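In our numbering, each residue carries its 1-based index in the sequence shown increased by 185. Note that the Cβ used here is the ideal one computed from N, Cα and C, for glycine as well. Remember, it's a predicted structure, so these values are computed and weren't measured experimentally. These notes concern the structure reproduced below.
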Amino acid sequence: MITSVLAAVVLVPVAPAAASPVPAAAQAAPMAEVTTLADAVGLVPVTDEDRTGYTRSSFKHWNAGDDKADGCNTRNEVLIAEAVVAPTVEAGCKLSGGMWRSYYDGQEVTSAGALDIDHMVPLAEAWDSGASAWSAARREAYANDQGADVSLVAVTARSNRSKSDQDPADWMPPSPEAQCRYVGEWVSTKLRWQLTADDRELEALKVYAEGPCEDTIVRYTPAV
Numbered sequence: 186m187i188t189s190v191l192a193a194v195v196l197v198p199v200a201p202a203a204a205s206p207v208p209a210a211a212q213a214a215p216m217a218e219v220t221t222l223a224d225a226v227g228l229v230p231v232t233d234e235d236r237t238g239y240t241r242s243s244f245k246h247w248n249a250g251d252d253k254a255d256g257c258n259t260r261n262e263v264l265i266a267e268a269v270v271a272p273t274v275e276a277g278c279k280l281s282g283g284m285w286r287s288y289y290d291g292q293e294v295t296s297a298g299a300l301d302i303d304h305m306v307p308l309a310e311a312w313d314s315g316a317s318a319w320s321a322a323r324r325e326a327y328a329n330d331q332g333a334d335v336s337l338v339a340v341t342a343r344s345n346r347s348k349s350d351q352d353p354a355d356w357m358p359p360s361p362e363a364q365c366r367y368v369g370e371w372v373s374t375k376l377r378w379q380l381t382a383d384d385r386e387l388e389a390l391k392v393y394a395e396g397p398c399e400d401t402i403v404r405y406t407p408a409v
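Next up, the structure:
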């Protein structure tokens, strides 16, 4: 006689697979902001500036750039990105040929060596406006910021050195056609890096925001 034995089968509920955690950095990714120049100016905190302790070496630059494998530092990466006619990139990231348009003064430049890479908000001004409290790593990130097109700009050495570390209360691009763009990019950089303005700077910005540059749009993404 064959006896059939039914084995008891116990069904154990299986918990659904846990969702893969979203990296904190992705969760906290800042959103791009778009606003009018007048409203953007109103978002810049106002406080007195203090240059105590500033040295240019507090902001490490130029570093190895965004692409660590291309052999180019930040300066040359910006020159390549902003060229109207692309230069030839030779061994050691030596640039030859190419053409650039310096928007501060409207000049066309055909030699990379005749250009400076300007920090839209100069390093000293950034220090005055909040960067003195930053870590060395954040200051390096600021000084080499290619995450926003407006942070670093290739311009003639003459115009950059005329600007020096002055804010819009004391210096504006000599080309009138450049001034609204410049004010918008200045404010964008201040907001991106959560920098402040002093009273004179704010009043100068308001003159442009409420007058000839009232139609200027400001775009920025807060730096992390």
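Relative to the alpha-carbon of residue i, which residue among the options has its alpha-carbon at the smallest distance?
i    : options                : result
K279 : D290, C257, Y288       : C257
S287 : E218, A254, S281, A299 : A299
T220 : G369, Q379, V269       : G369
V270 : V263, G277, M284       : M284
F244 : G396, R324, L337       : R324
E293 : L308, G315, A268, S314 : A268
A249 : R404, T401, N329       : N329
D334 : K253, D350, L264, D400 : L264
G277 : D290, M357, K253, K391 : K253
S344 : L228, P359, A354       : P359
V338 : W356, H304, E275       : H304
G291 : Y393, G315, T341, V403 : T341
K391 : L228, G282, P307       : L228
Y289 : A214, R346, A354       : R346
V372 : D255, A316, P230, A318 : P230
Tell me which residue opens and which closes the beta strand (DSSP E) that residue i is part of.
i    : result
K279 : 279 to 281
S287 : 285 to 287
Q351 : That residue, Q351, is in no beta strand (DSSP E); it is neither H nor E in DSSP.
Q154 : Limits of the chain in this structure are 186 at one end and 409 at the other, which puts residue 154 out of reach.
When DSSP labels each residue in this structure, what does residue i get in the three-state scheme?
i    : result
R343 : helix
A322 : helix
V338 : strand
Y367 : helix
D313 : helix
E399 : coil
T188 : Since pLDDT at T188 reaches only 44, below the 50 mark, its modelled position is unreliable, and no value is offered.
Y405 : strand
T220 : strand
T237 : coil
T374 : helix
In whole angstroms, what separates the C-alpha of residue i from that of residue j?
i    : j    : result
Q364 : A389 : 12 Å
A225 : D352 : 17 Å
A408 : E234 : 21 Å
G396 : L222 : 11 Å
P272 : D384 : 42 Å
A210 : R377 : The predicted position of A210 is uncertain, since its pLDDT is 47 and thus under 50; a value taken from the coordinates is nonetheless stated next. Roughly 17 Å between the two C-alpha positions.
T240 : A382 : 20 Å
R366 : T237 : 31 Å
W356 : K348 : 6 Å
E310 : E386 : 11 Å
V403 : A354 : 19 Å
Just to confirm the assignment, what range does the alpha helix (DSSP H) spanning residue i have?
i    : result
V263 : 259 to 267
A390 : Reading the sequence as shown, one finds Leu at residue 390 and not Ala. 384 to 394 is the extent of the alpha helix (DSSP H) around L390.
L300 : Unbroken run through L300 is the beta strand (DSSP E), 300 to 304; no alpha helix (DSSP H).
V231 : No alpha helix (DSSP H) holds V231; DSSP gives it neither H nor E.
Buried or exposed, going by whether 16 or more other CB atoms sit within 10 Å of the CB of residue i?
i    : result
T232 : exposed
A297 : buried
E262 : buried
L380 : buried
R260 : buried
D400 : exposed
A322 : exposed
T374 : buried
A394 : buried
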